[in-house]
Amino acid sequence: MTTQTLSFYNRVDDALRDGSLRTALDRATSRFIGNRAAALAALAGPDALRDQARAIRAYALAHLDELLNQLSDNVEAHGGRVCWAEDGAAARRYITDLARERGVKSIVKSKSMASEEIHLNTALEQAGIEVIETDLGEYIIQLANETPSHIIAPAIHKTREQVSALFTQHLGEPPTDDVPAMTRAARRALRQRFLRADMGISGVNFGVADSGAVTVVENEGNARLATTVPRIHVAIMGIERIVRSFEDLGVMLQVLARSATGQKLSVYTSIISGPARPNESDGPEEFHLVLLDNGRSQILGGKYAETLMCIRCGACLNICPVYQAIGGHAYGGVYSGPIGAVLTPLLQPDLPEQHTLPFASSLCGACQEACPVRIAIPDLLLRLRADAVQQGKAPPIERLAMEGYRVLMTNPALYRASGKLGGIASRMFGRKRRFRQMPPPLHLWTRKRDFPAFPAETFTERWEKRRKSDER
Amino acid sequence: MTTSQGRRVTLFVTCIVDSLYPQIGEATVAILERLGITVHVPRGLTCCGQMAFNVGFRDDAYAIAGRTIEVLHGDDDVVLPSGSCAAMIRHLYPELFADSPHAAVAGYLARRTYELTEYLVDVLGVTQVGAHFDGAIAYHHSCHGLRFLGIKDQPRKLLEYVAGAKIVSLAGHDECCGFGGLFAIKQAAISETMLDRKLANIAASGADLVVMGDASCMTQIAGGLSRAGSPVKARHIAEVLANRV
Ligand code: SF4
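Those protein sequences? They're chains U and G, same order as listed. Under the numbering used here, the first residue of the first sequence is numbered 1, with each subsequent residue one higher. Under the numbering used here, the first residue of the second sequence is numbered 1001, with each subsequent residue one higher.
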């Protein structure tokens, strides 16, 4: 991706200059935020439900081995096959080999962040297999040759005007700003692909351990087609995306839909437990479940374990003022927004500059407040920052500044003396003088903000004076 | 006000108030003394160490915070005119000092540390402090106080009793102003974008005064207002409550 070769700061600057991006993000995130708030407000006890959801995720992570084995055994008992993929390469190999062995020429995919994470499409295309994304957003970015910029709304960065232009270019559709018309055009183009495909690939929202089922939620019906029409269905699931039972699933689906889009429930919830049975007319002949580790078991049990509670609802992206300003692509990794700033350094440690991502936050905490399972994202970002510093990744000037800050703040005498500098500055520049320009690195402050005038005396000096006069 | 008479609190004005806004520290003293509280300011208090902690320099933060917990020893309640620094002590010191010999002391300090408005409303049960201001006031919720200390209604309760003041609503009152410590410099462009939005909301609110509980956010917002030539003034809530606008 070209965006990955630029530095994070350049990508941010480009993003901030991009007017269409701002329009698209403003429209979509404010709609998501409003819908989510309304959906949660409609619940009798949204906080209790979120606590319950968090407890369910905590249970699943604490019993991950056991639940995964149970899921795997049950899937196999239903006639499915399970691949335990330690990393992206293993998952890619399994799926491309399977496609080759079965003579697969054409694949339809429904939305899957796990498949994005392992760059599955590239591998399949290199093996000479045609891959078509069937989620509308994914289809749009596939036409545009881009990556998703949001966990649940991959084309959120595109305005409807830009989408129409893409459809005109690739599908020969007349320009329009009517969204339903664009959706119909995409459906027409995709219908043939569904019928032609010999394999369908989907993600998994939750695996259900005790019944050997996987759940896929969506709003367009494309995932239901992709998982039933072609003769082979491959589902890719991050190993952490598991729950104990249908009872737990019920809670998770409620918080997922409400947090993601503000729906009570997504339009389609498919529960898939293996291939079509001998007496069934619908469903694929083969079902394969790829359990993707790709760094997750390393995270489990450590100081970032909470990250694995994430159910990929996207609420933290929508609410984040940084995400709202720069969009998803600026983050450079597959996952963006606050949770992306945590996931990318953990899951894609080789990505250049991934260590800068945890610094792309004002630590305002809106993400944690919005998160259905209350992941303490700011705390995780702070730990990643500490790791980056420990690995020597901090800029030398910052190292120096912190040295000075520590010396100053651990020496009260020096600290008080430095307070006198403010007094001197106050006499030099005047008590009312606000600063419109400061020397580097504070010039970055004064680009758009004045710096306050220095007081003649610090609080400490004034308090000392008062204490002395009290004593007299 | 029976609960406040005769109490003693330790005041930690924070480094930014100390060196840039001594008037906020004095306003805090005035409010507490008006309630009959004895205010103690320990000698040698400097900074909570948040700036280093926030950018990942935990060793430096540990050195600074280690001194601070020593200076703040004792059994007094500790009050800060800052949600952010109070959150550092209450929410982050326990992590910073976990597995250290200071863990217990840091934990005890965290339990007796309060931001000013929560101390007034929740601990003392005080909402009327005899303040007046003629004009429209909008309140900006600073992030750390709001989300890490749960300071949501306390400032509003106090402002409702400011005689003559009209409290106006501020769109995005709980959205970050973009300060974020070194974030304001390290990610200056993003910080400025966030500030622009805040300034637009302030302008639309019709307020004469935008009030908040943190001097750090105030530096960002006041800096933006002043650069934009806005007639709106940014003030710390202690200044309003002490009639020192
Ligand atoms: S971190 Fe929380 S809010 Fe963000 S995507 Fe994951 S579950 Fe949703």
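We treat Cβ as the ideally placed atom computed from N, Cα and C, and that holds for glycine.
Backbone CA spacing between residue i and residue j [nearest angstrom]
i          : j          : result
Gly1224(G) : Gln1050(G) : 23 angstroms
Leu1124(G) : Lys465(U)  : 29 angstroms
Arg1166(G) : Leu382(U)  : For clarity, residue 1166(G) is Lys in the given sequence; the question names Arg instead. If you take the alpha carbons of Lys1166(G) and Leu382(U), they lie about 39 angstroms apart.
Met1001(G) : Leu1035(G) : For Met1001(G), the predicted structure reports a pLDDT of 45, less than 50, and the residue's modelled location is therefore unreliable. The matter cannot be settled from this model.
His1236(G) : Ala1103(G) : 32 angstroms
Met1212(G) : Tyr1139(G) : 6 angstroms
Asn80(U)   : Leu291(U)  : The amino acid at residue 80(U) is misidentified as Asn; the sequence shows Gly. For Gly80(U) and Leu291(U), the distance between alpha carbons rounds to 13 angstroms.
Asn294(U)  : Leu64(U)   : 15 angstroms
Ser110(U)  : Thr183(U)  : 16 angstroms
Tyr323(U)  : His329(U)  : 10 angstroms
Thr89(U)   : Val75(U)   : The identity of residue 89(U) in the sequence shown is Ala, whereas the question assumes Thr. Their Cα atoms are separated by approximately 23 angstroms.
Arg385(U)  : Val342(U)  : 10 angstroms
Gln1220(G) : Asp1076(G) : 32 angstroms
Asp18(U)   : Asp178(U)  : 23 angstroms
Arg188(U)  : Ala155(U)  : 19 angstroms
Ala1030(G) : Ala44(U)   : 44 angstroms
Asn1201(G) : Thr356(U)  : 30 angstroms
Gln92(U)   : Leu249(U)  : For the record, residue 92(U) in the displayed sequence is Arg; it is not Gln. Straight-line Cα distance between these residues: approximately 28 angstroms.
Ala58(U)   : Arg296(U)  : 15 angstroms
Ala77(U)   : Gly274(U)  : 9 angstroms
Arg1205(G) : His1173(G) : Reading off the sequence shown, one finds Ser at residue 1205(G), where the question assumed Arg. If I take the Cα positions, the gap works out to 10 angstroms.
Ser1019(G) : Leu414(U)  : 13 angstroms
Leu1149(G) : Thr1127(G) : 19 angstroms
Leu49(U)   : Gln263(U)  : 15 angstroms
Leu61(U)   : Ala1203(G) : 48 angstroms
Pro1231(G) : Asp1208(G) : 7 angstroms
Leu442(U)  : Ser266(U)  : 49 angstroms
Residue from the options whose Cα sits closest to the Cα of residue i
i          : options                                        : result
Ser1084(G) : Cys1176(G), Ala1242(G), Ser1230(G), Ala1165(G) : Cys1176(G)
Ile272(U)  : Val204(U), Cys367(U), Lys303(U), Leu265(U)     : Val204(U)
Gly212(U)  : Leu68(U), Ala39(U), Ala315(U), Thr269(U)       : Leu68(U)
Gly103(U)  : Pro278(U), Lys393(U), Met199(U), Ile242(U)     : Met199(U)
Arg447(U)  : Ala453(U), Ala89(U), Pro439(U)                 : Pro439(U)
Cys316(U)  : Arg11(U), Tyr9(U), Arg36(U), Phe359(U)         : Arg36(U)
Ala153(U)  : Asp18(U), Glu353(U), Glu76(U), Asn318(U)       : Asn318(U)
Gly333(U)  : Tyr59(U), Met113(U), Ala44(U)                  : Met113(U)
Gln1154(G) : Gly1180(G), Ile1185(G), Leu1120(G)             : Leu1120(G)
Leu1170(G) : Gly1066(G), Glu1192(G), Lys1198(G), Tyr1093(G) : Lys1198(G)
Gly1107(G) : Leu1195(G), His1132(G), Glu1115(G), His1073(G) : His1073(G)
Glu247(U)  : Gln52(U), Trp445(U), Arg462(U), Glu461(U)      : Gln52(U)
Ala1086(G) : Val1009(G), Leu1241(G), Ser1230(G), Thr1014(G) : Thr1014(G)
Leu408(U)  : Met1088(G), Ile1031(G), Ser1004(G), Asp1060(G) : Asp1060(G)
Ile118(U)  : Leu225(U), Tyr405(U), Tyr335(U)                : Tyr335(U)
Asp450(U)  : Gln1005(G), Glu1192(G), Val1210(G)             : Glu1192(G)
Ala15(U)   : Gly327(U), Pro278(U), Met237(U)                : Gly327(U)
Ile201(U)  : Gln192(U), Asp135(U), Val251(U)                : Asp135(U)
Gly283(U)  : Val234(U), Leu98(U), Arg312(U), Ala99(U)       : Val234(U)
Phe1179(G) : Glu1160(G), Met1218(G), Gly1172(G)             : Met1218(G)
Cys1048(G) : Ile1024(G), Pro1081(G), Ala1222(G)             : Pro1081(G)
Asp379(U)  : Gln1023(G), Gln1005(G), Val1055(G)             : Val1055(G)
Cβ-Cβ separation, residue j to residue i (assumed contact under 8 angstroms), whole Å
i          : j          : result
Thr96(U)   : Ala123(U)  : 6 angstroms
Arg231(U)  : Glu286(U)  : 7 angstroms
Ala388(U)  : Cys320(U)  : About 20 angstroms separates the two Cβ atoms, so there is no contact after all.
Ala1215(G) : Val1017(G) : 5 angstroms
Asp210(U)  : Arg244(U)  : 6 angstroms
Tyr139(U)  : Ala181(U)  : Contact doesn't hold; Cβ gap of about 15 angstroms is too wide.
Val1009(G) : His1040(G) : 7 angstroms
Val1283(G) : Ala1131(G) : What the structure shows of chain G is the stretch from 1001 to 1245, and residue 1283(G) is not part of that stretch, so it cannot be assessed.
Residue-level contact to chain B via CB, residue i, 8 angstroms cutoff
i          : result
Leu1020(G) : Of the protein chains in this structure, namely U and G, none is chain B.
| field | Contact list for the stretch 272-284 of chain U against chain G, Cβ threshold 8 angstroms | value | Along the stretch 272-284 of chain U, there is no position whose C-beta sits under 8 angstroms from a C-beta of chain G.
| said: When you compare the stretch 16-30 of chain U with the stretch 155-168 of chain U, are there three or more beta-carbon pairs, one atom per stretch, that lie closer than 8 angstroms? | reply: yes
| task | Count the CB pairs spanning the stretch 421-428 of chain U and the stretch 451-465 of chain U that are closer than 8 angstroms, and state whether there are at least three. | result | yes
| said: Is it the case that the stretch 353-368 of chain U contacts the stretch 395-408 of chain U, given that we only count it when at least three CB pairs across the two stretches are under 8 angstroms? | reply: The stretch 395-408 of chain U vs the stretch 353-368 of chain U: no contact.
| query | How about the stretch 61-78 of chain U and the stretch 247-262 of chain U: do they share at least three Cβ pairs that are nearer than 8 angstroms? | reply | no
| Inter-stretch contact (C-beta, 8 angstroms, three-pair minimum) for the stretch 1061-1078 of chain G and the stretch 341-351 of chain U | no
| query | For the stretch 1052-1067 of chain G, which residues have a beta carbon sitting closer than 9 angstroms to at least one beta carbon of chain U? | reply | Ala1052, Phe1053, Asn1054, Val1055, Gly1056, Phe1057, Arg1058, Asp1059, Asp1060, Ala1061, Ala1063, Ile1064, Gly1066, Arg1067
| field | the stretch 126-134 of chain U contacting the stretch 304-312 of chain U, beta-carbon criterion three pairs below 8 angstroms | value | Touching, no.
| field | Stretch-stretch touch, CB-based, cutoff 8 angstroms, three pairs: the stretch 138-146 of chain U with the stretch 160-176 of chain U | value | Enough Cβ pairs lie closer than 8 angstroms, so yes.
| field | Short-range partners of chain G found in the stretch 138-156 of chain U, where Cβ spacing is below 7 angstroms | value | none
| task | Give the residues from the stretch 1194-1208 of chain G that approach chain U closer than 9 angstroms (Cβ to any Cβ), ordered along the chain. | result | Met1194, Leu1195, Asp1196, Arg1197
| request: Give, in chain order, every residue of the stretch 460-472 of chain U whose Cβ lies closer than 7 angstroms to some Cβ of chain G. | output: Thr460, Arg462, Trp463
| message | Any C-beta of chain U within less than 8 angstroms: which residues of the stretch 1089-1109 of chain G qualify? | response | Leu1092, Glu1095
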